[in-house]
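To convert, note that position 104 of the sequence shown is 104 in the working numbering; the numbers rise steadily by one, no gaps. Where a beta carbon is used, it is the ideal one built from N, C-alpha and C, also for glycine. Small disclaimer: the values here were computed from a predicted structure and weren't measured. Everything below concerns the one structure shown next.
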Amino acid sequence: MTLRVLPLALLFLLISAEAFPFGGEVVRVLEGGTIEVVRLGKTQRIHLHGLDCPEKDQPYGDDVKEAISALVFAMEVTIEPYGKDKYGRIMADVLLADGTNVNHALVKEGRCWWSRKSAPDNAELERLELEAREAKKGLWEDPEPIPPWEFRKTQRK
1 MTLRVLPLAL LFLLISAEAF PFGGEVVRVL EGGTIEVVRL GKTQRIHLHG
51 LDCPEKDQPY GDDVKEAISA LVFAMEVTIE PYGKDKYGRI MADVLLADGT
101 NVNHALVKEG RCWWSRKSAP DNAELERLEL EAREAKKGLW EDPEPIPPWE
151 FRKTQRK
């Protein structure tokens, strides 16, 4: 009996592994709030949950990539997953060893927008974006920054 249950238990663990926090080393920072983390010898793409970052071809696009790199590149981080997006990336909060939530730090610094689409009920991201906007931090220095979702619409035409 136990031998029959063991394979099922292992399968369940493999399927649900992305439902639990895990650690890894950041080996690459891509555009748009996506990083690559090595976990157990396998590279996984992680998209920073609740953020919509400027695209590489729009103002502040290079700035956000540099800011993310400065925070996490070659660092051991903890990934707190929410699930996967339509591209197969793990949607997650990324935490530094000192407990800093990278997602929150980027919004607080005015590097990214709070994504009302992916995290509509995240009061903390909402508060941090409002504070950054009022303090004119980062992209909020621009009186009318173009949100990435609007920028992407213009690129499709």
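| query | result |
| --- | --- |
| Beta-carbon gap between M75 and S118 smaller than 9 Å | no |
| Straight-line gap, E31 to C53 (C-alpha atoms, nearest Å) | 8 Å |
| Distance, A123 Cα to A97 Cα | 24 Å |
| Buried versus exposed, by CB contacts within 10 Å (16 or more), D142 | exposed |
| Check whether P21 and E80 have beta carbons under 9 Å apart | yes |
| Supposed close pair E25, P148 - CB separation, criterion 8 Å | Not really, about 27 Å apart at Cβ, beyond 8 Å. |
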